[in-house]
Amino acid sequence: KPVVSLLSLGVPKAYWGPGPALAPILPFLSLPGGHGPCCSRRGACLSALLLLLLAMLAALVALVSSLGLPSRTPGAQVCVTPTNRTGFLCHDQRSCIPASGVCDGLRTCPHGEDEDESLCRDVPRSLPSFLVARCGDPASWIYSDQKCDGTNNCGDCSDELSPVTECPPCGPGWWRCPSTFFKYCDCVPRTLCQDGTQHCTDWSDEYSCLRP
1 KPVVSLLSLG VPKAYWGPGP ALAPILPFLS LPGGHGPCCS RRGACLSALL LLLLAMLAAL
61 VALVSSLGLP SRTPGAQVCV TPTNRTGFLC HDQRSCIPAS GVCDGLRTCP HGEDEDESLC
121 RDVPRSLPSF LVARCGDPAS WIYSDQKCDG TNNCGDCSDE LSPVTECPPC GPGWWRCPST
181 FFKYCDCVPR TLCQDGTQHC TDWSDEYSCL RP
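So that you can map any letter, position 160 of the sequence shown is 160 in full-length UniProt numbering, and since no number is skipped, the others follow by simple counting.
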């Protein structure tokens, strides 16, 4: 009868043995009466070898998981950053980076997926919608975490003011102006109050606002 022995490649013969990975398939490789690992029919041998390959594949997957190597994910996922802004969830399912950190030329996620070619090949069209905010000018866009941040990112303040964007009132760290100069819209940081530079059109940042 043809006999197929189980060998462990690269291991001295003295240490050959079934091992825990082969335990599930030993019944398929043993002769009636428990006379050791052997095959008496070609079909049984092929089935046993297939099970062996599957066991080895499962062991390899377990090893990859234990090493913490990146795995494939269904797609980009949204998250909320510690500063309560829209973020991009990295593939480790723990790291949340700001939306504006995606496709900025710097690999911020532990495995660099925030700079993947699939995301960055045709920005903003290749970006998921939750990362993009449109300005009053349809041809202009910003990252979604730049909306309602107090800064005129769109250039026409449409990312800070209605009717395009509804933002909450100025926070305690800001001073409200009727209108502003430079990069702000209707509020300026209180750290700029009384700095010798006019930021509000009515000069209130220099004469009425107190520095924190």
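Cβ atoms here follow ideal geometry from the backbone N, Cα and C, with glycine treated the same way. Quick caveat, the model's predicted, so the values are computed rather than measured.
What would DSSP say about residue i, mapped onto helix, strand or coil?
i: arginine 125; result: coil
i: cysteine 154; result: coil
i: valine 102; result: coil
i: cysteine 187; result: strand
i: cysteine 177; result: coil
i: valine 164; result: coil
i: glutamine 146; result: helix
i: cysteine 193; result: coil
i: leucine 60; result: helix
i: leucine 210; result: coil
i: aspartate 114; result: helix
i: aspartate 137; result: coil
i: aspartate 159; result: coil
i: glycine 10; result: With a pLDDT of 43 at glycine 10, under the threshold of 50, the modelled position of that residue is not reliable, and no figure is offered here.
Could you give the C-beta distance for residue i and residue j, rounded to a whole number, given that I count them as a contact under 8 Å?
i: cysteine 177; j: aspartate 186; result: 6 Å
i: valine 102; j: leucine 119; result: 6 Å
i: alanine 76; j: proline 128; result: 4 Å
i: proline 212; j: glycine 173; result: 7 Å
i: arginine 85; j: aspartate 145; result: 4 Å
i: tyrosine 143; j: serine 95; result: Contact flag wrong, Cβ pair sits at about 17 Å.
i: isoleucine 97; j: glycine 112; result: The Cβ separation is near 11 Å, so there is no contact.
i: residue 214; j: cysteine 154; result: Any question about residue 214 goes unanswered here, given that the chain covers just 1 to 212.
Please name the residue or residues paired with residue i in a DSSP beta bridge.
i: cysteine 79; result: Gly87
i: cysteine 96; result: Leu89
i: cysteine 200; result: Thr180
Could you spell out where the beta strand (DSSP E) holding residue i opens and where it closes?
i: tyrosine 143; result: 141-143
i: arginine 134; result: 132-134
Can you tell me where the alpha helix (DSSP H) with residue i in it begins and where it stops?
i: leucine 119; result: 117-120
Measuring only the C-alpha atoms, how far is residue i from residue j?
i: cysteine 200; j: aspartate 114; result: 38 Å
i: serine 162; j: proline 169; result: 12 Å
i: leucine 89; j: methionine 56; result: 32 Å
i: aspartate 149; j: leucine 60; result: 47 Å
i: glycine 136; j: serine 158; result: 5 Å
i: proline 189; j: cysteine 167; result: 16 Å
i: lysine 147; j: proline 138; result: 15 Å
i: aspartate 122; j: valine 78; result: 20 Å
i: tyrosine 207; j: glycine 196; result: 10 Å
i: tryptophan 141; j: glutamate 160; result: 13 Å
i: alanine 62; j: threonine 180; result: 59 Å
Between residue i and chain C, is there a C-beta pair that is closer than 8 Å?
i: aspartate 145; result: Here chain C cannot be found, since the structure has a single protein chain.
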